[in-house]
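Everything on this sheet refers to the single structure shown next.
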């Protein structure tokens, strides 16, 4: 059996335990400042702690070296609460606190601060990682209509969407599909059907096991569907299952459906991107969803990255760092970078917008052509 894995990487993600978490604030395009943020972000109250994270007694104490609290007139305060102002090295900004959630957002009052959202994991300011975990920025998008034609079966305890080329149109190769945080929904299944139309037998894994994020959050503003939803705990649970399941799942499919001449490729979106990288490293799976320099350095198969210009999960400085690692290592890679679109553009775009539809289709065509070329070598 010939195994060749070519891959696509969208809106890269990782799941990694780092503390304290941070929000990166860039003032007027200048030097980024890392601001520790704690779960619940309830400033002035005791900050939640976990064994080994050495959290300060309060979140206010944690911020002391970075900020001072001010009111609307600029007078210094002893503490801050929702709606009050926070001063970052002389730059006053408002602090929006999403109590009870694992996400805080620093918002600008004068339109001159570029903010990267954060949650209870380390974010872009940690140079050990090239992308951030899936969070509320993954919840936006549009639902697509259309009739799907695949079937769902269970393989190694994982619900699996299987869709095949039309009779006489197959190329004999298999594509593994790793979905975004929404799992099996119409957009994803229609996209898998499209890859089947290109000649591939497609196997998509539901590592969420019928527990996609949309059952808890309809969008980033939804706090009522599941008020107690812990996004980080949800993510970690499913990442653990994916790490344990995907290696044996792919082997079972290759053994059951593959032939001596079958070649293999994989595509991952958002949550699924890290599993593409794991599959393409010489060592195989490294760790649960962690997307690090090491994974790019150990890349052993051709990689295509299809990226949005505006993506908190994979911002310009991280894209550039990933490209340098690939270039310096002499890896086989290609970048697609689409102007004016956001995280999730290739799966959840607005099809009524001509440009968004065009970009989605260009991304898809580029992926298929990439697979077709490398699997023909």
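Residue numbers (our numbering): 1005 to 1381.
All C-beta atoms in this analysis are idealised placements derived from N, C-alpha and C, irrespective of residue type, glycine included.
Computed from a predicted structure; not experimentally measured.
- Looking at the DSSP output, residue 1269 sits in a beta bridge with 1179.
- Looking at the DSSP output, residue 1155 bridges to 1166.
- Comparing alpha-carbon positions, the option among 1165, 1307, 1209 and 1232 lying closest to residue 1379 turns out to be 1307.
- For the options 1184, 1197 and 1254, the alpha carbon positioned closest to that of residue 1216 is the one of 1184.
- For residue 1176 and residue 1203, the gap between their C-alpha atoms comes out near 8 angstroms.
- Contact between the segment 1302–1318 and the segment 1337–1356 is established, with three or more Cβ pairs separated by less than 8 angstroms.
- For residue 1278, the enclosing alpha helix (DSSP H) begins and ends at 1277–1284.
- Measuring C-alpha to C-alpha distances from residue 1182 to each of 1213, 1169, 1150 and 1152 identifies 1213 as the nearest.
- Distance from residue 1250 to residue 1207 at the Cβ level is roughly 11 angstroms; contact not present, criterion being Cβ atoms closer than 8 angstroms.
- Secondary structure at residue 1312: strand, using DSSP grouped into helix, strand and coil.
- 1162 is the residue among 1170, 1162, 1156 and 1205 whose C-alpha sits nearest the C-alpha of residue 1252.
- The alpha-carbon of residue 1164 is positioned some 27 angstroms away from that of residue 1377.
- Sorting 1199, 1357, 1191 and 1361 by C-alpha distance to the C-alpha of residue 1271 places 1199 at the top.
- According to the DSSP secondary-structure assignment, residue 1346 is paired through a beta bridge with 1314.
- For residue 1158 and residue 1255, the gap between their C-alpha atoms comes out near 14 angstroms.
- Residue 1370 carries a helical assignment under DSSP once its states are collapsed to helix, strand and coil.
- With a threshold of 16 other beta carbon atoms within 10 Å, residue 1299 meets it and is buried.
- For the 8 angstroms CB-CB criterion, residue 1303 and residue 1325 do not form a contact.
- Residue 1284 has its alpha-carbon roughly 11 angstroms from the corresponding atom of residue 1301.
- DSSP places residue 1233 in no beta strand (DSSP E); its state is neither H nor E.
- DSSP lists 1164 as the beta-bridge partner residues of residue 1209.
- For residue 1324, the uninterrupted alpha helix (DSSP H) run begins and ends at 1320–1332, by DSSP.
- Within the same chain, 1340 come within 6 angstroms of residue 1370 by CB-CB distance, once the 5 residues on both sides are set aside.
- Bridge partners of residue 1337 according to DSSP: 1307.
- When the alpha-carbon of residue 1160 is set against those of 1209, 1372 and 1345, the nearest one is in 1209.
- Per DSSP, reduced to three states, the secondary structure at residue 1149 is coil, with no helix or strand assignment.
- Inter-residue distance for residue 1381 and residue 1205 is about 19 angstroms (C-alpha atoms, whole angstroms).
- For residue 1218, the closest C-alpha among the options 1231, 1248, 1193 and 1186 is that of 1186.
- The straight-line gap separating the alpha-carbon atoms of residue 1233 and residue 1263 is approximately 44 angstroms.
- With respect to the C-alpha of residue 1363, the residue from 1375, 1346, 1374 and 1373 having the closest C-alpha is 1346.
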